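Asker:
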Amino acid sequence: MAESYVRATLSALRGVVTQLSLYPPGHPAVEDALGAATKAADEMVGQNGETVLTVLGDSLYLGRGLLAHASLEFNGFLRRLQSAGIDSITFAGHVSSGDLADVASLIAGRTGDLPAEGTVRLNTSSFTVSDLQSGATMSGLRRSYARSLDVLRGIGMAVGAGQEFDLSGASLVVENLLEQTLAQPGASVLLSTMKSHDEYTFYHSVNVCILSITMGRFLGMDDETLELMALGALLHDIGKLRVSAAVLQYPGRLDAEQWAEIKLHPQEGASAILAAAEPGQEIAAVVALEHHGRFDGAGYPASSANREKHLFSRLVTAADVYDALTTRRSYRRAETPQQAVNVLTQGMGAHFDPDMVRGLVALLGVYPPGSLVRMRDGSIAMVTKASRVDVPEGVRVIDTGGTRIPEPEPMQIDPGEVVEQLTSDSVGIDPASMLESMTE
Ligand SMILES: [Fe+2]
Numbered sequence: 194m195a196e197s198y199v200r201a202t203l204s205a206l207r208g209v210v211t212q213l214s215l216y217p218p219g220h221p222a223v224e225d226a227l228g229a230a231t232k233a234a235d236e237m238v239g240q241n242g243e244t245v246l247t248v249l250g251d252s253l254y255l256g257r258g259l260l261a262h263a264s265l266e267f268n269g270f271l272r273r274l275q276s277a278g279i280d281s282i283t284f285a286g287h288v289s290s291g292d293l294a295d296v297a298s299l300i301a302g303r304t305g306d307l308p309a310e311g312t313v314r315l316n317t318s319s320f321t322v323s324d325l326q327s328g329a330t331m332s333g334l335r336r337s338y339a340r341s342l343d344v345l346r347g348i349g350m351a352v353g354a355g356q357e358f359d360l361s362g363a364s365l366v367v368e369n370l371l372e373q374t375l376a377q378p379g380a381s382v383l384l385s386t387m388k389s390h391d392e393y394t395f396y397h398s399v400n401v402c403i404l405s406i407t408m409g410r411f412l413g414m415d416d417e418t419l420e421l422m423a424l425g426a427l428l429h430d431i432g433k434l435r436v437s438a439a440v441l442q443y444p445g446r447l448d449a450e451q452w453a454e455i456k457l458h459p460q461e462g463a464s465a466i467l468a469a470a471e472p473g474q475e476i477a478a479v480v481a482l483e484h485h486g487r488f489d490g491a492g493y494p495a496s497s498a499n500r501e502k503h504l505f506s507r508l509v510t511a512a513d514v515y516d517a518l519t520t521r522r523s524y525r526r527a528e529t530p531q532q533a534v535n536v537l538t539q540g541m542g543a544h545f546d547p548d549m550v551r552g553l554v555a556l557l558g559v560y561p562p563g564s565l566v567r568m569r570d571g572s573i574a575m576v577t578k579a580s581r582v583d584v585p586e587g588v589r590v591i592d593t594g595g596t597r598i599p600e601p602e603p604m605q606i607d608p609g610e611v612v613e614q615l616t617s618d619s620v621g622i623d624p625a626s627m628l629e630s631m632t633e
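Under our numbering, read the sequence shown as residues 194 to 633, first letter to last.
1) Exposed or buried, Ala301, counting other C-beta atoms within 10 Å across all chains shown (16 or more means buried)?
2) Of all residues in the structure, which have a C-beta closer than 6 Å to any heavy atom of ligand 1, taken in chain order?
3) Can you tell me whether Met350 is buried or exposed? The criterion is at least 16 other CB atoms within 10 Å of its CB, across all chains shown.
4) Straight-line CA distance for Glu483 to Asn268?
5) Indicate whether Leu315 and Ile282 have their beta-carbon atoms separated by less than 8 Å.
6) Give the single residue among Ser626, Ala469, Asp489 and Leu246 whose Cα lies nearest to the Cα of Leu565.
7) Under three-state DSSP, which class holds Phe545?
8) Three-state secondary structure (DSSP) at Val245?
9) From Gly353 to Lys502, what does the alpha carbon distance come to, in whole angstroms?
10) To which residues does DSSP link Arg567 through a beta bridge?
11) DSSP three-state call for Gly367: helix, strand or coil?
12) Do Gly311 and Ser289 count as a contact pair if the criterion is CB distance below 8 Å?
13) Figure out for me which residue from Gly486, Glu528, Leu249 and Pro217 has the closest Cα to the Cα of Ala297.
14) Could you check where the alpha helix (DSSP H) with Gln605 kicks off and where it finishes?
15) Taking C-beta to C-beta, are Ser506 and Val550 nearer than 8 Å?
16) Return helix, strand or coil for Leu215, following the three-state DSSP convention.
17) Any idea which residues DSSP pairs Lys578 with across the strands?
18) Determine whether the beta carbon atoms of Ser398 and Leu375 lie at a separation below 8 Å.
19) So which of Tyr396, Ser385 and Glu420 has the shortest CA-CA distance to Leu404?
20) Tell me, please, whether the region 317-325 touches the region 231-240 by the rule of three or more beta-carbon pairs shorter than 8 Å.
21) Does Leu565 get closer than 8 Å to chain D when you measure Cβ to Cβ?
22) Please state the DSSP three-state secondary structure of Ser281.
23) I believe Pro494 touches Gln442 by the beta-carbon criterion, under 8 Å. Please report the beta-carbon distance rounded to the nearest angstrom.
24) Name the residue from Ala465, Arg522 and Leu274 whose alpha carbon lies nearest to the alpha carbon of Asp618.
25) DSSP three-state call for Leu434: helix, strand or coil?
26) Please report the distance separating the alpha-carbon of Leu537 from that of Thr247.
27) Between Val588 and Glu602, is the Cβ-Cβ spacing less than 8 Å?
28) Does the region 454-471 come within contact of the region 420-439, defined as at least 3 CB pairs closer than 8 Å?
29) Under DSSP, the alpha helix (DSSP H) around Val296 begins and ends at which residues?
30) What residues are listed by DSSP as bridge partners for Gly258?
31) In whole angstroms, what separates the C-alpha of Glu450 from that of Gly256?
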C-alpha cells in the first residue's frame, strides 16, 4: 500500500527532527535517524515514483489522494511542517541524505531558510487547493479527532507553562466529538484504537473521551449529561503536562521519586481546570481529580481516598485503563482488547465500579471493533463492528498464506472459528487505518 510507505517515511523523518532537537547535526543519534529516514524515503520513491506530499489544513495528500489515516497519525508533525512554512514536500527520485538533513533542520527550527533545490524539494507542488479539495476529504469523525488533538495541545501548553486558558475551545470540540461519536459509535470505537508514541497523552485523552461517550450513552445518559462527562474525559490527564518530560517519557519502570511526581497529575489537572471552568463545568475538575481513585477507596490522590467517586469519574477510570492497557508503552507491550477486558473484569469491585465494567464489556463485546483475530484457516481478520447478539462483522486483512490483502474483504467472523486474538503490533496492522473499509 502506497500509504504505508509514506507513513514509514514521515515517521522516520519525524525521528530525525526529534534527534535534532536533542543533539547537534552530525551526532551519531542524528546520523542513525537520518540513515533510517533516507532508507524509508528511498523505498517510498521506489514504490510510488516521484512522491508529492501536500499538507492542507488537517489533511495530508499523496498526489491528489487524501491519506486519511496518516493525516491523523501525523497530525502534530503536519502542524510542525506548516509552522516551518512547508506546504508540500516532493521526493524526486533517489533521495540524498544531505537533502533530507536540510529539510529536517528546517523543521526542527535550526535553520530559517528553505534548502536549495535538491532531491527533496519544498513547496514546489503544482497541485492547487481546488485539485485537492475536489478529492476525498477527511471524514467528520477524523476531523473531529484532529481538532480535539489541537485543542488539547493548546490547553496542554498553557497548563505546562502555568498560563491561563479558557475551556471554550474544549467545549466546542467535545460537542463535535459527541455528535460524531453518537452518529457512528462503531466507527468511533475503531478510531479510538489510534495510538501515538510521540503524543501519547493527547491521543489517549481523545480515545478515552470517545470510549466514555459510547459507554455513557450505553448506560443511558442524555446528551447534556454526556457533554459534561465528555469534557472531564477529554481533560482528565491534562495535569500530566505539569509532570517533567524526563519522568513522563522515562523509558522504563519508574522509581519512587518519579512515581511521586506522576501522582500529582490529578490535583494539578483539577486545579488548572477549576481555574478555567465556567459555572457548570467544575465537574470536569472532579473527573481529573478522581480518575486514579479506586472503587474500593484506594488509589490516589490520598485526599480523595475513601470517598465515593462521582459516577463520571468511575466511568472514565474504566475507559482510561482500557485504553492504556491496549497501548504499547516503552516499558510494556500492548494487551489485546480481550486481555484488557479480563483485567477490568478481575478488578471489578476493587479497582473498578462493577457497573462500569459490565457496561464496557456489554458495549465492546468479546471482540471490540479493531480486534485482530486469527481464524482456524490461518487467515487474520479484523473486527469492524462488534455485536452482542450476532456474529461480528469484519474484514479479512491477511490471507491463509500470511500475505496482506490489499483491499480487505468483508466477512462475518464466526466466533467458533477464532483461534486467538492478536495485538496490532504483532500483526503489523493499525486497526484505525481500516476505518474506511467499514460501513455503518
Ligand atoms: Fe491519569
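Cβ atoms here follow ideal geometry from the backbone N, Cα and C, with glycine treated the same way.
It should be emphasised that the depicted structure is a prediction, and the values quoted were computed from it without experimental measurement.
Answerer: Reading off the structure:
1) Working through the sequence shown from its first residue, we reach residue 301 at position 108. Answer is buried; the Cβ neighbour count reaches 16.
2) Asp430, His458, His484 and His485
3) Start at 1 with the first residue of the sequence shown, and residue 350 comes out as number 157. Result: exposed.
4) For the purposes of this step, residue 483 is identified with residue 290 of the sequence shown, where counting begins at 1. For the purposes of this step, residue 268 is identified with residue 75 of the sequence shown, where counting begins at 1. Approximately 30 Å between the Cα atoms of the pair.
5) Taking the first residue of the sequence shown as 1, we reach residue 315 at position 122. Taking the first residue of the sequence shown as 1, we reach residue 282 at position 89. The answer is yes: Cβ separation under 8 Å.
6) In the sequence shown, the residue the question calls residue 565 occupies position 372. Selected option, being the one with the closest Cα: Ser626.
7) Taking the first residue of the sequence shown as 1, we reach residue 545 at position 352. Strand at Phe545.
8) Mapped onto the sequence shown, residue 245 falls at position 52. Strand.
9) Taking the sequence shown and counting its residues from 1, one reaches residue 353 at position 160. Taking the sequence shown and counting its residues from 1, one reaches residue 502 at position 309. So the two alpha carbons sit approximately 27 Å from each other.
10) Indexing the sequence shown from 1 puts residue 567 at position 374. Answer by DSSP bridge pairing, in chain order: Ile573 and Glu613.
11) In the sequence shown, counting from the first residue as 1, residue 367 sits at position 174. Residue identity check: residue 367 is Val in the sequence provided, not Gly. Here Val367 sits in helix by DSSP.
12) As a first step, residue 289 is located in the sequence shown; it is residue number 96 there, counting from the start. As a first step, residue 311 is located in the sequence shown; it is residue number 118 there, counting from the start. In this structure, Gly311 lies closer than 8 Å to Ser289 by Cβ.
13) Your numbering for residue 297 matches position 104 in the sequence shown. Out of Gly486, Glu528, Leu249 and Pro217, Pro217 has the C-alpha closest to the C-alpha of Ala297.
14) By one-based count along the sequence shown, residue 605 stands at place 412. Taken as a continuous stretch (DSSP letters only), Gln605 belongs to no alpha helix (DSSP H), being part of the beta strand (DSSP E) at Arg597 to Gln605.
15) Within the sequence shown, residue 506 is the residue found at index 313, counting from 1. Within the sequence shown, residue 550 is the residue found at index 357, counting from 1. No. Outside cutoff.
16) In the sequence shown, the residue the question calls residue 215 occupies position 22. Helix at Leu215.
17) Start at 1 with the first residue of the sequence shown, and residue 578 comes out as number 385. Glu586, per the DSSP bridge assignment.
18) Locating residue 398 in the sequence shown gives position 205, where the first residue counts as 1. Locating residue 375 in the sequence shown gives position 182, where the first residue counts as 1. Result no, Cβ atoms of Ser398 and Leu375 do not sit closer than 8 Å.
19) Locating residue 404 in the sequence shown gives position 211, where the first residue counts as 1. It is Ser385.
20) no
21) Note that chain D does not occur in the displayed structure, where there is just one protein chain.
22) Looking up residue 281 in the sequence shown gives position 88. Note: Ser281 maps to strand in three-state DSSP.
23) To locate residue 494, count along the sequence shown from 1; it is residue 301. To locate residue 442, count along the sequence shown from 1; it is residue 249. At roughly 23 Å, the Cβ-Cβ gap does not stay under 8 Å, so Pro494 and Gln442 are not in contact.
24) Here residue 618 is taken as the residue at index 425 of the sequence shown, counted from 1. Cα-wise, what sits closest to Asp618 is Arg522.
25) For this step, residue 434 is matched to residue 241 along the sequence shown. Three-state DSSP puts Leu434 in a helix.
26) Walking along the sequence shown from the start, residue 537 turns up at place 344. Walking along the sequence shown from the start, residue 247 turns up at place 54. Rounded to the nearest angstrom, the two C-alpha atoms are 43 Å apart.
27) Your numbering for residue 588 matches position 395 in the sequence shown. Your numbering for residue 602 matches position 409 in the sequence shown. For Val588 and Glu602, yes; Cβs fall inside 8 Å.
28) yes
29) Position 103 of the sequence shown holds residue 296. Note, Val296: alpha helix (DSSP H), Ser290 to Ile300.
30) For the purposes of this step, residue 258 is taken as residue 65 along the sequence shown, with counting starting at 1. In DSSP, Gly258 forms a bridge with Leu255.
31) For this step, residue 450 is matched to residue 257 along the sequence shown. For this step, residue 256 is matched to residue 63 along the sequence shown. Taking the straight line from one Cα to the other gives about 50 Å.
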